[in-house]
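Visitor:
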Amino acid sequence: MQPLRHATSLGVGILMVCQATCAQIPQAAKGDWPWWRGPNFNGVAESDQQPPVSWNSTENVAWKAHVPGRGHSTPIVVGNRVFLQTANEIDRSQSIICFDRQTGTVLWNRELNRDSLQDQINRKNTYATSTIACDRGRLFVLFSHHEAVQATALDLEGKTLWTTTAAPFREDMYSNGYAASPLVYGNTVIIAADCEAGGTLLALDRDTGKQVWSIERVGKTNYASPVVGHVAGRDQLLLSGLDMVASYDPTNGKLFWQAPAVAMQTSGTPVWEAGMVFAGGGYPTGSVAGIVADGSAKIAWKHNHRIHEQSLLVYQGHVYGVNDTGIALCWETQTGKEVWKHRLKGPVSASPTLVGDKIYLVNELGTTWVYRATPRGYEELAVNQLGDSVFASPTICGGQIFMRVAHHTNDERRETLYCLTSPNKR
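For the sequence shown, our numbering assigns the number 8 to the initial residue and increments by one for each residue that follows.
#1: Can you grab the Cα-Cα spacing for the pair VAL355 / VAL74, in whole Å?
#2: Quick one: using the 10 Å Cβ neighbour count with 16 as the cut-off for buried, is SER137 buried or exposed?
#3: If you scan the segment 119–195 from start to end, which runs of the alpha helix (DSSP H) of 4 or more residues do you find wholly inside it?
#4: Closest by CA to GLY363, which one among TYR378, LEU372, LEU168?
#5: Using beta-carbon positions only, say whether SER232 and THR195 come within less than 8 angstroms of one another.
#6: Below 6 angstroms CB to CB, which residues in the same chain sit around PHE147 once its five sequence neighbours on both sides are set aside?
#7: What residue range is occupied by the uninterrupted beta strand (DSSP E) comprising CYS105?
#8: Can you give the Cα-Cα distance for VAL156 and ASN431, rounded to whole angstroms?
#9: Is the beta carbon of PHE106 sitting closer than 8 angstroms to the one on LEU119?
#10: Can you tell me whether DSSP reads ASN431 as helix, strand or coil?
#11: Which ranges does the beta strand (DSSP E) cover as unbroken runs of at least 3 residues, wholly within the segment 298–322, from first to last along the chain?
#12: Grab me the residues of ASN87's own chain with a C-beta within less than 7 angstroms of its C-beta, minus the 5 sequence neighbours each way, in chain order.
#13: Looking only at C-alpha atoms, which of ASN183, TYR255, HIS237 sits nearest to ILE198?
#14: Mind checking who ARG421 pairs with in its DSSP beta bridge?
#15: What is the C-beta distance between VAL284 and ILE298, in whole angstroms, given that I count them as a contact (C-beta under 8 angstroms)?
#16: Please say whether GLY373 and VAL436 have beta carbons closer to each other than 8 angstroms?
#17: How far does the beta strand (DSSP E) with HIS349 in it reach, from first residue to last?
#18: Determine the contact status of SER358 and GLY50, defining contact as a CB-CB distance below 8 angstroms.
#19: Mapping the DSSP letters down to three states, classify ILE202 as helix, strand or coil.
#20: Within the 8 angstroms Cβ cut-off, does LYS348 reach chain D?
#21: Could you say if the segment 322–341 and the segment 395–403 meet the contact criterion of at least three C-beta pairs nearer than 8 angstroms?
#22: Helix, strand or coil for CYS426, going by three-state DSSP, please let me know.
#23: Count the other CB atoms within 10 Å of the CB of ALA186; is the residue buried (16 or more) or exposed (fewer)?
#24: Once DSSP output is grouped into helix, strand and coil, what is the label at HIS79?
#25: Which residue comes first and which comes last in the beta strand (DSSP E) that contains ARG241?
#26: Taking only three categories from DSSP, how would you classify VAL234?
#27: If you check the beta carbons only, do TYR290 and ALA270 fall under 8 angstroms apart?
#28: Within 10 Å of its beta-carbon, does THR81 have 16 or more other beta-carbons around it, so buried, or fewer, so exposed?
#29: Am I right that PRO58 and SER303 are in contact with their C-beta atoms under 8 angstroms? What's the rounded C-beta distance?
#30: For the 8 angstroms Cβ check, are there 3 or more pairs between the segment 384–394 and the segment 124–133?
#31: Count the other CB atoms, across all protein chains shown, that sit within 10 Å of the CB of GLY288; report buried if there are 16 or more and exposed otherwise.
#32: Considering only residues of the segment 358–417, which uninterrupted beta strand (DSSP E) runs meet the minimum length of 3 residues and lie entirely inside it, listed in chain order?
#33: With DSSP collapsed to three states, give me the class of ALA270.
#34: Among the residues of its own chain, which have a CB less than 7 angstroms from the CB of ARG313, if the five just before and after it don't count?
#35: To the nearest angstrom, how far is it from the Cα of ALA173 to the Cα of ARG224?
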């Protein structure tokens, strides 16, 4: 009987350790999209919802709201509220806006900075590209501010709880601007600041803003956001770029492994399935790769497609991506074998989103394709047009699609936040 008691206690111990570990990864409430790449950090939306497949400027529009300024941050949705970042390039201010989820009414607008914008950035970037993260009633926001990454925590009413200079961000060779989004893990907020000023990956205490840990990275510019996934039996903090895909211990920043698998500059975030991690990159050379995540850093396969700004999707043994010019692709996860490819229309900057077996992909011109995630070949379900400029990735939750789009009239550019929903949801 003693061995049985020992096995039982051991099993309970393992369960407790697993629960403690898994509890570090924040859990999104049903119907929410609270941070970059959605509930599971991988672009996969809840499958038990029915968002619209077709729309235009009048069809399946629940509401639309003017967004002052300019930004590429993805809207996040928490409870009955929608939050996004924006920047006014005329008065050089950076702000957070909160909308009512049901009506689009602006609930509050909080200016955080003024007269601190970087002098020059890439024409495809903005001064409000990072996506907000929300966890346990707190908003965590990143802005480039006076050649540094400024981190701010606010409550859901827009009250500032703390603000701090997280890390230097100075670009000497490439003046493209900051783009990475914050990541919440346990009681920390993890931030990437890759630049020539001395790249840094660090974690701040979510309650105080004080630094918990920090590690140096290669002193080159990169734009990717960190994500965390439970891969190969442990939580792994994943970050691509600087000619590698790297995995760290999210509790202390210790390096688990790194693989020379992608380009120097990337903007997308890795995805994972069945003990493997997949990532793409795009400057100066194109790359997409599958890496064994057991610590060996073995590169299982690699291709030279330029997937610079977009993140990948992985679903049922296949990786789905789209390159910068708008070619949709499908590969086998284990071998990297190309299963199919289909030309859509580029350029593409936003990342695709998966709902059930449907992929939603929008290009920079405001055209959204909805197609099946299937190895049988490209199966188009709908093509929709909204606005004439889209860089922010769509948010899909609770049967609703939130799209940040721009319209150009003569020389005037105006941003609009759309809430799209099927008739049976209204």
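Heads up, the beta-carbon is just placed ideally off N, CA and C, and yes, glycines get one too.
Guide: Checking against the coordinates, here is how it stands:
#1: Those two C-alpha atoms are separated by around 22 angstroms.
#2: buried
#3: Assignment of alpha helix (DSSP H) within the segment 119–195, counting only whole runs of 4 or more residues, yields no such run.
#4: TYR378
#5: Going by C-beta atoms, SER232 is not nearer than 8 angstroms to THR195.
#6: Taken in chain order, the residues that qualify are ALA140, ALA160, PRO189, VAL196.
#7: 100–107
#8: Near 43 angstroms, if we compare the C-alpha coordinates of ASN431 and VAL156.
#9: Going by beta carbons, PHE106 and LEU119 fall outside the 8 angstroms limit.
#10: If DSSP states are grouped into helix, strand and coil, ASN431 belongs with the helices.
#11: 306–310, 320–322
#12: ASP107, ARG108, GLN109
#13: TYR255
#14: HIS414
#15: 5 angstroms
#16: Limits of the chain in this structure are 8 at one end and 433 at the other, which puts residue 436 out of reach.
#17: For HIS349, the enclosing beta strand (DSSP E) covers residues 345–350.
#18: yes
#19: Reading the sequence as shown, one finds Cys at residue 202 and not Ile. It is coil, neither helix nor strand.
#20: Included in the structure is just one protein chain, with no chain D present.
#21: no
#22: Correct three-state label for CYS426: strand.
#23: buried
#24: Of the three classes helix, strand and coil, the one that applies to HIS79 here is coil, per DSSP.
#25: In the DSSP annotation of this structure, the continuous segment of the beta strand (DSSP E) that includes ARG241 starts and ends at 241–248.
#26: strand
#27: yes
#28: buried
#29: With 8 angstroms as the limit, PRO58 and SER303 do not qualify as a contact, their Cβ atoms being about 39 angstroms apart.
#30: Not touching, per the Cβ criterion.
#31: Answer is buried; the Cβ neighbour count reaches 16.
#32: 360–362, 365–369, 374–379, 387–392, 402–404, 407–416
#33: coil
#34: The residues GLY289, GLY293, ASN330, ASP331, in chain order, have a CB closer than 7 angstroms to that of ARG313 in the same chain once the five nearest residues on each side in sequence are set aside.
#35: Rounded to the nearest angstrom, the two C-alpha atoms are 15 angstroms apart.
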